[in-house]
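So for the sequence shown, this note's numbering puts the first residue at 31; every next one is plus one.
Cβ atoms here follow ideal geometry from the backbone N, Cα and C, with glycine treated the same way.
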Amino acid sequence: MTNNTVAQTPLDCFYYWESTKPDAVYLSQPTAGQWCDYSWGEVGQQARKAAACLQAMGIKQGERVCILSKNCAHWMIADLAIMMSGGASAPAFTSMSADDVLYILEHSGSKVLIVGETDNWDQIKDCLPEGLAVISLPGMDIPQADIGWAQLLENFEPVSGNPARALDDELTTIYTSGSTGKPKGVMYDFEGAYHVALNLGDTYRMTEDDIMISYLPMAHGFERAVVDWMSLLAGYRVGFNESLTTFAEDMKQVRPTVFQCVPRLWTKFQEGVVAKFGGQDILSGKLADSEQSDAIKLAIKQGLGLDRARLCLTGSAPTPMPLHQWYEALDMPQCEIYGQSEVLSGTSNLPWDRKAGTLGKPTCHTDIKISDIGEILIRARAMMTGYLNEPEKTAETLIDGWIHTGDKGEIDADGFLRITGRIKEIFKTAKGKYVAPVPIEGHFVSNPYIEQVCLIGNGLPQTVLTLQLSEIGKNAAREVVAAEIGKQVVAVNESLGAHEKMAGIVISAQDWSSANGRVTHTMKIKRQPIEQYFQPLAEGVFAESSTAAHPAVIWE
């Protein structure tokens, strides 16, 4: 990917590109519709000044700095500054509760908090640990900040030279979503982060001619890996999304060559395209016409800002086969991927080597095997050094050089991985039969009436599907929603074993949010709280008259 064979850390990679093409654009930031470009040289100068500021605030080797900001150019500049200062980053999500942010600040022992635009500042600002220094990023007016970014650039001279870091220095602690309890701090050293970028970069054949858009939370391991670290290695440009309302226009401005997304958003893109053409039948007719098919495909890609995309990634939840088929017809194959915060290079489908319905083959320089109990194990140099302050959990997860993922899976004869469930999420019905909920839930990802699903059944005679409606579902008549979802439950039941079949449906009155404890800040369901809350309603399913052709539907 680069001509630099000396680089061994993400920071080395940055210095390489800074010296090789200092005037080339690295980061592109929209603000109120106006785009500001930052060259590799300018990013380096700002990062060095911020590093000097951090050192003046007392940051010593290995001490942690928390970044709390929505994705922006200065998030990545601040991250580089922390590396140059000798510190390590411990980012927090902007959608986290005040309690969770406070937990991260205290658990990580962060000495400085760098704050940018965030949804939760009003809840956090009055409960910060005593003695915590605060730096505000551009566009964030924080009266209690010790220094703002503009003042920082004016007051500090850049640290001299190219401060180096040892391979085993901690680069970052990435906090998990906390779907099964308090967030765990996943530690990466500089060598591990470099190999994350190398493994993914080699797999995706990244070059400095690529461009990506950053909009998924940078505090999450995936975005950190493919946008932050991989851009430092391959030397490509990164554009940012300013807000949800500007997403479509920002996509058209950046026109990424590699685009990372989740199935629910790919479904929303599909719904928007179909609506624009007046229905799927009309669109299918146009695509079937050889004289206009290519022009229609190009127009759709241009409308999505994906006319240059050579790689469309999808992950975090199963991508339904109908969605695969729809995008395949547009020459936009969905490449499903798999990984964890603990090992950020796992498996991936590729446009030139893919099998829909699987999670692909191991990424470059990565080994995968299935244990005797069916658990997916991953080994690579691109993995965590351990969980911060939790040696017992580290010992449970990292065994003899292999990450024990907690996922059950199988590898087919062609080398493609499938997930068959979670080791700890399998539950037992009242009939004494075990059920793996994840594969069953995956059937409902593309249903336009459904936003989130959770299959429950622990101690129940049969399984029950609990769900949150999408905006389309909320705006539709109840009888239509019940009929359409019921029809899909019947269809899915036909493919399930007798002990897995769903007896009915429970429809939530409330959205599932991190505030009510039903999902994490990254929108992963919290199975135990959902099971506890909906158990009484689920039991009511069995009091309703239902048949195999007409499962019971309970509205909260």
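How would you call residue i, buried or exposed, if buried means at least 16 neighbouring beta carbons within 10 angstroms?
i              : result
arginine 508   : exposed
methionine 31  : Confidence at methionine 31 is low in this model, with a pLDDT of 46, below 50, so the placement of that residue should be treated as unreliable; the coordinate-derived value is given next. Classification of methionine 31: buried, given that the 10 Å Cβ count is 16 or more.
lysine 399     : exposed
lysine 100     : buried
glycine 117    : buried
asparagine 185 : exposed
asparagine 33  : At asparagine 33 the pLDDT is 45, less than 50, meaning the model places this residue with poor confidence and gives no usable figure here.
cysteine 66    : exposed
aspartate 198  : exposed
tyrosine 45    : buried
aspartate 437  : buried
glycine 74     : buried
Please report the residue range of the beta strand (DSSP E) in which residue i lies.
i              : result
tyrosine 45    : Note, tyrosine 45: premise wrong, no beta strand (DSSP E); alpha helix (DSSP H) at 40-50.
threonine 233  : Per DSSP, threonine 233 belongs to no beta strand (DSSP E); it is in the alpha helix (DSSP H), 220-234.
tyrosine 266   : Tyrosine 266 -> no beta strand (DSSP E), and no H or E assigned at all.
proline 60     : 55-61
aspartate 397  : 397-400
tryptophan 542 : It is not in any beta strand (DSSP E) - tryptophan 542 carries neither H nor E in the DSSP assignment.
cysteine 66    : 64-69
glutamate 366  : 364-370
isoleucine 408 : 405-409
isoleucine 112 : Taken as a continuous stretch (DSSP letters only), isoleucine 112 belongs to no beta strand (DSSP E), being part of the alpha helix (DSSP H) at 103-115.
valine 164     : 163-166
leucine 182    : No beta strand (DSSP E) contains leucine 182, which is instead part of the alpha helix (DSSP H) from 179-185.
With DSSP as the reference, identify every bridge partner of residue i, one or two as the case may be.
i                 : result
proline 392       : Thr377
aspartate 383     : Leu380
phenylalanine 457 : Val465
alanine 122       : Leu98
threonine 26      : In this structure the chain extends from 31 to 586, so residue 26 is not present and cannot be described.
glutamate 440     : Arg448
glycine 416       : Met217
leucine 341       : Val288
threonine 275     : In DSSP, threonine 275 forms no bridge with anything.
isoleucine 584    : Val536
glutamine 498     : Gln482
isoleucine 429    : Trp432
Residue i and residue j look like a contact to me (Cβ under 8 Å); what is the Cβ gap, rounded to whole Å?
i              : j                 : result
isoleucine 112 : leucine 84        : 7 Å
valine 145     : serine 166        : 5 Å
alanine 521    : phenylalanine 572 : Not really, about 22 Å apart at Cβ, beyond 8 Å.
methionine 362 : lysine 391        : About 20 Å separates the two Cβ atoms, so there is no contact after all.
serine 69      : alanine 54        : 6 Å
proline 60     : phenylalanine 270 : 7 Å
tryptophan 47  : glycine 265       : 4 Å
alanine 412    : valine 373        : 7 Å
Over what stretch of residues does the alpha helix (DSSP H) that includes residue i continue unbroken?
i              : result
histidine 571  : Reading the sequence as shown, one finds valine at residue 571 and not histidine. First-last of the alpha helix (DSSP H) with valine 571: 557-571.
histidine 137  : 128-138
valine 483     : Unbroken run through valine 483 is the beta strand (DSSP E), 480-486; no alpha helix (DSSP H).
tyrosine 207   : Residue 207 is actually serine in this sequence, not tyrosine. Note, serine 207: premise wrong, no alpha helix (DSSP H); not H, not E.
valine 256     : No alpha helix (DSSP H) contains valine 256, which DSSP labels as neither H nor E.
alanine 329    : 323-334
serine 314     : 310-318
methionine 242 : Counting along the chain, methionine 242 falls outside any alpha helix (DSSP H), though it belongs to the beta strand (DSSP E) covering 241-244.
alanine 513    : 508-523
valine 304     : 293-306
leucine 360    : Leucine 360 -> no alpha helix (DSSP H), and no H or E assigned at all.
* At least three beta-carbon pairs within less than 8 Å, the segment 377-396 to the segment 307-321 -> Output reads no: the segment 307-321 does not touch the segment 377-396.
* Counting Cβ pairs closer than 8 Å, one from the segment 242-262 and one from the segment 451-458, do we hit at least three? -> As far as the Cβ criterion goes, the segment 242-262 does not touch the segment 451-458, which means the pair count is below three.
* Validate contact between the segment 524-543 and the segment 497-506 using beta carbons, cut 8 Å, 3 pairs -> Yes, the segment 524-543 is in contact with the segment 497-506.
* Asked: Do the segment 424-433 and the segment 257-274 make contact, defined as three or more Cβ pairs closer than 8 Å?
  -> These segments do not touch.
* Asked: Taking three-plus beta-carbon pairs below 8 Å as touching, is the segment 129-143 in contact with the segment 223-234?
  -> Taking a contact to require three or more Cβ pairs closer than 8 Å, the segment 129-143 and the segment 223-234 do not qualify as touching.
* Given 8 Å, three or more beta-carbon pairs between the segment 460-471 and the segment 479-486 -> Contact holds: three or more Cβ-Cβ distances are below 8 Å.
* To do: Please determine if the segment 320-327 and the segment 335-355 are in contact, where contact requires at least 3 C-beta pairs separated by less than 8 Å.
  => Verdict: no, contact absent.
* **Touch test, the segment 292-302 against the segment 346-365, Cβ-Cβ under 8 Å, three pairs minimum** => Touching, yes.
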